[in-house]
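Chains Z and R supply the protein sequences, listed in that same order.
In this text, residue positions in the first sequence follow our numbering: the first is 3, and each later residue adds one.
In this text, residue positions in the second sequence follow our numbering: the first is 1313, and each later residue adds one.
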Amino acid sequence: MPLQRPGLYCAFFLLAACSSTPEHPVDSWAYPAQPHALKRPFISPGPNYQTPSLVEASRFLQQASFGPTQAEIDALSRSNYKAWLKTQFATPQTLFLPEVEPEHAKLAKGQNLRQELFFRLFWKNAATAPDQLRQRVAFALSEIFVVSFEGQLDVKIRGMASYYDMLGRNAFGDFRTLIEEVSRHPMMGVYLSHLKNQKEDPARGRVPDENYAREVMQLFTIGLHELNPDGTPRLRNSQPIETYSNEDITGLAKVFTGFSYGGPGDTDAHFNNQGREPRWDILPMKGYPKFHSASEKKFLGVTIPPQTPANPEGDLKIALDRLFNHPNVGPFFGKQLIQRLVTSNPSPAYVERVARAFNDNGAGVRGDMQAVIRAVLLDPEARQPPPDASGKLREPILRLSQWLRAFNATSISGEFRIPNTDNPGFSLGQSPLRASSVFNFYRPGFMPPGTGIARQNMVAPEMQIVSESAVAGYANFMQTAIEAGVGRVEAGKRDVQPDYSAQMAIADKPAQLVEQLDLLLTGQRLSAASRTRINEAVASIALPANNPQAAENARRNRVKLATLLIMVSPEYLVQK
Amino acid sequence: MQASRREFLRHAGALSLLRAAGPLGLQLAGIGAAAAATQPDDYRAIVCLFMYGANDGHNTVISLDSEAYKTYAAARSVIALPREALLALPTEQASRTPALSLHPELGPLQSLYQRGSAAILANVGPLVVPIKDAATFKGTNIARPPKLFSHNDQQAIWQAFSPEGAKIGWGGRIADLLAAQNGKHLFTAISAAGNAVFLASDRTIQYQISNSGAIGFNRTNAGNIYGSAKGAEALRAQIAAAQGDLFGQEYATVVNRSIEAHGLVSAALARLPETDPRVALPPELAQDKLAQQLRIVARMIGVRDDENIQQRRQIFFVSLNGFDTHDHQLDKQGELLRSVAQSIAYFQDAMAELGVADKVTVFTASDFGRALLSNGDGSDHGWGSHHFIVGGAVKGGRVYGQFPDIALNTATDVGNGRLLPTTAVDQYAATLARWMGVPERDLPLVLPNIGNFATSDLGFMQA
């Protein structure tokens, strides 16, 4: 595919085409906008694959949700993937913000909400929300368009809920809107410091902040190297070609000047002072011409001539259009979405098929997220992976979410009171929205040093947070969770409790019990040796013949033991 | 010619490493243990303190020269540190270096510098070859590190001379060369800050320890789980089951290493608990993330002669996040530098208590320096920066390398006051590697480009 390098002519064209009015009304984010009227191709309702088997259904739901339930596996095995996707695309979004707003409203001046409120909503939605695909993709997006409670956003609970809802809203929308709403969100503005970023001032020796200009390219849209449609780097003299230079960053940094607090009001005080707009944390940032660079801006082959008056909204549109239309976006973003949902090491052909779906949804529309998700999940390599496929290591958050769903966990308080799960030695080593930097918990290109994975030039992103401490911390955490539930303790009981009744009903037959859990948790990936070992261990728990209460306890212990032994198995920890 | 010689050395080195990795491993371990027994004092360790996010060197070491301070203050505007708050360093006799000072939060480092236990290395950063001046950098295609100014890549380049995806760090390479002197190779390279490519290699595996020591798998050794003795046995087998695919095998490898390390470390560390006065954190550092990492490093050093540990050469890694001060720099950086200085001072005290003050050297590193020109209330990505080397074996109280002119459009300004480094990370590393006992001839195995630079000994370490 030829590289798109719009020159001066194109820049003038873009400039002429842009409007000076904001694309979004300033107050559009408090609650979700109407779904985009995106032109989409007709998807035939018939099954493109055979009705999935139970195992295939379980595998699919491991990729497309926070974890299968037996009911979902049964339902999908009577239907097909396309129908499931169609239903999920149409399921209304479960929102975080409306749950946070009432708590926020109760705060006295100077008081803050706690991060745990977000964590509780996260686990509740992961465990119970009907819009599983959307929630799962939103979580994946939160690991690509990273903001983190760690740092200045530590008490911005309402804003972070709004950010997360924004990711979920755009999960089924279009990438152009997604990248715009990410760029305008005040949480991103705080995190990558382009909120209140001011134009250059040579007299006082000030230059625009380059932070967002760099990361929006490196991490969110095009990456460091020019890519072939299949995600492999284009080479010149056998060297990769860098997508941008530092001059491009300096030029683009000027575009991201003059953006600050949303809401009505355009005075300097509104630009400078968040106190002017109590809802600044959930309103999209808007352009303030006075603080926006009016000088020439050159980046990625685009030249925006000097302007009077300064036009922040128009410049933003030119910049984001340029990034959105860069040929790298499809393979760059598509490959990362594959890595988050399906496998760490997709073949170039798989990446290319997803990139094509990004480039054209079949109705001539670029960036249709539904088309991309469909391509990621329905690809032959996702559905029938070759025997040597790497799969991906399940990250700790997804292990706990899967356990919550597999056992239909309920919360005594109804609130899923699960606190921070950061500590790798005693907990999961990972909490939602708490990456240590914009580079996420782990990097998409991470190769664990000194391993066979690295020797084969494969990547294993999630292995970056695996350590000698974390492997034990996780196993111990699950041991307790399976035994006693998770979350805060009230009246001697943990708030979130599993329901083992379905498994207890078959616990008299260890082989049947292990088979059901193997289906539910791994998609039947246990090796014969593991199955035998687990069967024997389960069978060693005797069911007393003449003591119904003791027998019931023994059945419960059988379920717990089988669950633990599966969830610490390498076959479970690698999702394939 | 130079390149082919390097190739040869690399090849020869790889072969000798391979031999050490083979069935000789156990014998080597035995030799190390025997030698350690006869020379109990022969111990050396380096501790890399990585400031993730890129510490702003311009506000870490500041010139007191009145012209330089004036240009500094003008370029930095609101993020300029007030002159009266700066901590002056003693001026060297017969030095070309201007009078320098430290950030106001670096008081503990000022004291260490005054006592001769801390040195400053000025304007160090990644280079492939020396670059004479900014004009050469801009006007020619002289070799330079890839992906300058990009966080993740420059972190990897500082630690491993290659952008993200690097597999062998220079700490890991030093460990490869010296591990044979240790009883247990597993503890040669230890990270208290998670995975760090600095300690990675194809031979040495970094042991990632938690702040509180090794974490064991509950109920795998004895007793019941969910009422079943057989269950505990099965748990032990199942966590380490290496059957299955590549990813599963590698996970199981970490599990097995975890179990082995826990078995060796936990009893040893019990003899030097967190509360032992020699290593206990002062109350003000009890919650400090960096100090907590340095405490477990101190404890591991304290038990180095335990029969299950047996270390004579060790390389540690600790880190602190949050240095990417594009905004609110004055507040953020001050808080972080306070943690750095206080944690280092705590660690030096602990080393003295443990009798190894002159055997352990801490050195700082970071993604890159930052631009001199302010962006309002912060600063943007740069290149060269200033770093600290601290310990009893440091020839301290001095500045090494060339302290740059602090102004715009100087010979070392590649744009907005981003410093073109005048000393290479390779030279910084070589000086430390040498002190650790890497022979001159093996330096290219650790630092392939070291031959491109004038000296491999910057002189800041005692022999």
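Positions of the beta carbon are idealized from the N, C-alpha and C atoms, including for glycine.
Since the model is a prediction, treat every value here as computed from it, not as a measurement.
I'd like to confirm the pairing. Which residues does DSSP put opposite residue i in its beta bridges?
| i | result |
| --- | --- |
| residue 301/Z | 304/Z |
| residue 1628/R | 1359/R and 1502/R |
| residue 262/Z | 288/Z |
| residue 494/Z | BP columns for residue 494/Z are empty, so no partner. |
| residue 190/Z | In the DSSP output, where bridge partners are listed per residue, residue 190/Z has none listed. |
| residue 1712/R | 1433/R |
| residue 1374/R | 1413/R |
| residue 1520/R | 1503/R |
Is the CB-CB distance between residue i and residue j below 8 Å?
| i | j | result |
| --- | --- | --- |
| residue 392/Z | residue 453/Z | no |
| residue 407/Z | residue 142/Z | no |
| residue 1486/R | residue 1736/R | no |
| residue 98/Z | residue 173/Z | no |
| residue 188/Z | residue 161/Z | yes |
| residue 67/Z | residue 138/Z | yes |
| residue 371/Z | residue 170/Z | no |
| residue 383/Z | residue 349/Z | yes |
| residue 436/Z | residue 490/Z | no |
| residue 1441/R | residue 1472/R | no |
| residue 1547/R | residue 1569/R | no |
For residue i, which option in the options has the closest C-alpha, if you only look at C-alpha atoms?
| i | options | result |
| --- | --- | --- |
| residue 565/Z | 576/Z, 536/Z and 544/Z | 536/Z |
| residue 1631/R | 1721/R, 1365/R and 1592/R | 1365/R |
| residue 325/Z | 107/Z, 455/Z and 215/Z | 215/Z |
| residue 1428/R | 1724/R, 1709/R, 1741/R and 1733/R | 1709/R |
| residue 409/Z | 424/Z, 519/Z, 418/Z and 444/Z | 519/Z |
| residue 572/Z | 465/Z, 126/Z and 411/Z | 465/Z |
| residue 1704/R | 1531/R, 1714/R, 1670/R and 1559/R | 1670/R |
| residue 1476/R | 451/Z, 558/Z, 469/Z and 312/Z | 451/Z |
| residue 245/Z | 232/Z, 259/Z and 223/Z | 223/Z |
| residue 100/Z | 467/Z, 340/Z, 492/Z and 166/Z | 166/Z |
| residue 151/Z | 255/Z, 118/Z, 479/Z and 252/Z | 118/Z |
| residue 156/Z | 178/Z, 186/Z, 113/Z and 168/Z | 113/Z |
| residue 546/Z | 540/Z, 557/Z, 538/Z and 539/Z | 557/Z |
| residue 206/Z | 1651/R, 1392/R and 1657/R | 1392/R |
| residue 296/Z | 255/Z, 262/Z and 180/Z | 255/Z |
| residue 467/Z | 1580/R, 1569/R and 1520/R | 1520/R |
| residue 102/Z | 121/Z, 87/Z and 90/Z | 121/Z |
| residue 269/Z | 285/Z, 292/Z and 249/Z | 292/Z |
| residue 397/Z | 57/Z, 127/Z, 233/Z and 570/Z | 570/Z |
| residue 1400/R | 1412/R, 1394/R and 1389/R | 1412/R |
Counting only C-beta atoms, is residue i closer than 8 Å to chain R at any point?
| i | result |
| --- | --- |
| residue 447/Z | yes |
| residue 473/Z | yes |
| residue 305/Z | no |
| residue 441/Z | yes |
| residue 211/Z | yes |
| residue 542/Z | yes |
| residue 248/Z | yes |
| residue 580/Z | As displayed, chain Z neither begins before 3 nor continues past 578, which places residue 580/Z out of reach and without an answer. |
Less than 8 Å between CB atoms is the rule here; does residue i satisfy it with respect to chain Z?
| i | result |
| --- | --- |
| residue 1499/R | no |
| residue 1736/R | no |
| residue 1517/R | yes |
| residue 1370/R | no |
| residue 1562/R | yes |
| residue 1758/R | no |
| residue 1382/R | no |
| residue 1643/R | no |
| residue 1567/R | yes |
| residue 1347/R | In this predicted model, residue 1347/R has a pLDDT of only 42, less than 50, meaning its place in the structure is not dependable enough to derive any value. |
| residue 1321/R | The pLDDT assigned to residue 1321/R is 39, lower than 50, so where the model puts this residue is not dependable, and the model offers no usable value. |
Inset, instruction - Please list the segments of the alpha helix (DSSP H) lying wholly inside the region 50–77 of chain Z, counting only runs of 4 or more residues, in order along the chain. - result: Listed in chain order, the complete alpha helix (DSSP H) runs (minimum 4 residues) inside the region 50–77 of chain Z are 56–66.
Legend entry - Length at least 4, wholly inside the region 192–253 of chain Z: the alpha helix (DSSP H) runs in chain order: For the region 192–253 of chain Z, whole alpha helix (DSSP H) runs of length 4 or above, ordered along the chain, are 213–217.
Inset, instruction - Please list the segments of the alpha helix (DSSP H) lying wholly inside the region 1666–1708 of chain R, counting only runs of 4 or more residues, in order along the chain. - result: Taken in chain order, the region 1666–1708 of chain R contains no complete alpha helix (DSSP H) segment of 4 residues or longer.
Inset, instruction - Only counting runs of 4 or more residues, tell me where the alpha helix (DSSP H) segments fall wholly within the region 1451–1481 of chain R, in order along the chain. - result: Taken in chain order, the unbroken stretches of alpha helix (DSSP H) that lie wholly in the region 1451–1481 of chain R and span 4 residues or more are 1463–1472.
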